[in-house]
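The next block holds one structure in the form of structure tokens; read it before the comments.
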Amino acid sequence: MVKTLLRDCAVLLLAALVPALLTAWLHPHRPAFLWQAPAVEEVSLETVNSWPTGTLWVDARDANAFARRHVPGAILLNEDRWEALLPDFAAAWRSGQRVVVYCDSQSCQASQDVAVRLRREIGGIDVFVLQGGWQAWEKAHP
Amino acid sequence: MKSVRLILRLVLGAVFVWAAVTKIADPRLFVAEVSHFHLLPYPMAVALGIYLPWLELVCGLATAFGWRLRAALGLILALTCVFLVALGSAWWRHLDISCGCFGSEERGSLGWDLARDGTLAVVAGFLLATMPGAQGKAK
Numbered sequence: 060m061v062k063t064l065l066r067d068c069a070v071l072l073l074a075a076l077v078p079a080l081l082t083a084w085l086h087p088h089r090p091a092f093l094w095q096a097p098a099v100e101e102v103s104l105e106t107v108n109s110w111p112t113g114t115l116w117v118d119a120r121d122a123n124a125f126a127r128r129h130v131p132g133a134i135l136l137n138e139d140r141w142e143a144l145l146p147d148f149a150a151a152w153r154s155g156q157r158v159v160v161y162c163d164s165q166s167c168q169a170s171q172d173v174a175v176r177l178r179r180e181i182g183g184i185d186v187f188v189l190q191g192g193w194q195a196w197e198k199a200h201p
Numbered sequence: 017m018k019s020v021r022l023i024l025r026l027v028l029g030a031v032f033v034w035a036a037v038t039k040i041a042d043p044r045l046f047v048a049e050v051s052h053f054h055l056l057p058y059p060m061a062v063a064l065g066i067y068l069p070w071l072e073l074v075c076g077l078a079t080a081f082g083w084r085l086r087a088a089l090g091l092i093l094a095l096t097c098v099f100l101v102a103l104g105s106a107w108w109r110h111l112d113i114s115c116g117c118f119g120s121e122e123r124g125s126l127g128w129d130l131a132r133d134g135t136l137a138v139v140a141g142f143l144l145a146t147m148p149g150a151q152g153k154a155k
């Protein structure tokens, strides 16, 4: 009886292992195996678009770049003018609403910095960083 | 009694299948939810975040279809107990996080999540305890 139960448990555990390994290998949204968690989770534009509820975009670039073009509805918020810009963000953000921060490209750090600071200053905020930054968005919306 | 067991089995299986499907769709988000609990080193959170939804799916289907039922119910009971411990610790530490139990869309209070997981554990325990031959074998 116990032997059968253990064997059945092993079968079920193994049955889940095979697709899990395939997920880790092939899934388009598979997570990276890192030794440390990224400071703020990165999400692809595709993922953000798949979210049903309204997302608040935060543009962490400078004001000139923001003025040239930005994601529709995005709020300008960067570390250079944090105190001046934060009220605009606070007015636009609804509690529980997801926030996605972007800067110029994959290599810029501003979006991570702004996202970390938002997380630190606003408890419980669901904040993400856009993979590829503004370049990724512009590529999808030429 | 037989029909009550069947209904509970189907409901429990469906809940686990649904919970799994919502997470399998975007493992990256579920891994983030798991890491927000701060209970595991990040690489283990990644591994668990990928494996757990598939285990839920297998156990949910096995429960609904009655395949290796005792083992499936045992694993579901173990999983719900682990979830209860994780949720309880998050609640104890006043973490303002999402349970992640049904993917990232769902965001309720941890108290509600605890009550829901507790109910699932009770249902799995009831089904296990009332399996044909369960009492006889226990003696």
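For the protein sequence lines, the chains are A and B, in the order given. Going by the numbering used here, the first sequence opens with residue 60, and the numbers climb by one from there. Going by the numbering used here, the second sequence opens with residue 17, and the numbers climb by one from there. All C-beta atoms, glycine included, are put in the ideal place defined by N, C-alpha and C.
**Study point:** A:LYS198 versus B:CYS115: straight-line alpha-carbon distance, rounded
**Key:** Those two C-alpha atoms are separated by around 34 Å.
Point to revise | 7 Å Cβ cutoff met for A:GLN171 and A:VAL117 | key: Contact: no.
Exercise for review: Can you have a look at A:THR63 and say buried or exposed, based on whether 16 or more other CB atoms are within 10 angstroms of its CB?
Suggested key: Its Cβ having fewer than 16 others within 10 Å, A:THR63 is exposed.
Review point. What does a CB cutoff of less than 8 Å around B:THR135 pick up in its chain, not counting 5 residues either side in sequence?
Key: Around B:THR135: no qualifying Cβ.
Practice item. Would you mind telling me which residues of chain B sit closer than 9 Å to A:TRP94, beta carbon to beta carbon, in chain order? Key: In chain order: PRO57, TYR58 and PRO59.
Practice item. Name, please, each residue of chain B whose Cβ falls closer than 8 Å to the Cβ of A:ARG89. Key: Within chain B, the residues near A:ARG89 are PRO43, ARG44 and ILE66.
Review point. For B:PRO59, which option in A:THR82, A:PRO90 and A:ALA143 has the closest C-alpha, if you only look at C-alpha atoms?
Key: It is A:PRO90.
Review point. If you draw a straight line from the alpha carbon of A:TYR161 to that of B:PRO57, how long is it in whole angstroms?
Key: Roughly 27 Å between the two C-alpha positions.
Check your understanding: So which of B:LEU85, B:HIS110, B:ASP42 and B:ASP133 has the shortest CA-CA distance to A:ASP67?
Key -> Nearest neighbour of A:ASP67 by Cα position, chosen from B:LEU85, B:HIS110, B:ASP42 and B:ASP133, turns out to be B:LEU85.
Exercise for review: Hey, could you find the ends of the beta strand (DSSP E) A:LEU71 is sitting in?
Suggested key: A:LEU71 -> not in any beta strand (DSSP E); alpha helix (DSSP H) instead, spanning 61-85.
Review point. So with Cβ pairs under 7 Å, would you call B:ALA145 a contact of chain A?
Key: Using a CB distance cut-off of 7 Å, B:ALA145 does not count as an interface residue toward chain A.
Exercise for review: Could you have a look at A:VAL175 and say whether DSSP puts it in helix, strand or coil?
Suggested key: Helix, per DSSP.
Practice item. Establish whether the CB of A:GLU105 and some CB of chain E are separated by less than 7 Å. Key: Annotation note: the requested chain E is absent from the structure, which comprises protein chains A and B.
Review point. Which first and last residues belong to the beta strand (DSSP E) in which A:ASP118 is found?
Key: It spans 115-118 - the beta strand (DSSP E) in which A:ASP118 sits, taken as one unbroken run.
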